[in-house]
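Scroll down for the structure; my scribbles are underneath it.
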């Protein structure tokens, strides 16, 4: 059985003119749903990038590309 992987990204643009509300909660809701559907929340299987976490878990273009192998392939 293949391991299921997920890459979840939540960006609220906090502090900007275009600030959104709820994106971080949406990511948490999707993570909970995926867990219910059998996806592991182990860091090797699921990565969450949010603009309030900072560091390696900030959703920069670089970090999205670094964690891209976690996203499903389009084969």
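Numbering (the numbering used here), first residue to last: 1 to 75. Glycine residues also receive a C-beta, built at the ideal position from the N, C-alpha and C atoms.
Cα-Cα separation between residue i and residue j, rounded to whole angstroms
| i | j | result |
| --- | --- | --- |
| residue 55 | residue 62 | 12 Å |
| residue 15 | residue 52 | 11 Å |
| residue 60 | residue 46 | 17 Å |
| residue 19 | residue 34 | 27 Å |
Short Cβ contact (8 Å threshold) for residue i with residue j
| i | j | result |
| --- | --- | --- |
| residue 10 | residue 50 | yes |
| residue 6 | residue 36 | no |
| residue 31 | residue 42 | no |
| residue 12 | residue 21 | yes |
Are three or more beta carbon pairs between the stretch 56-67 and the stretch 23-41 nearer than 8 Å? In this structure the stretch 56-67 does not touch the stretch 23-41; the number of beta carbon pairs closer than 8 Å is below three.
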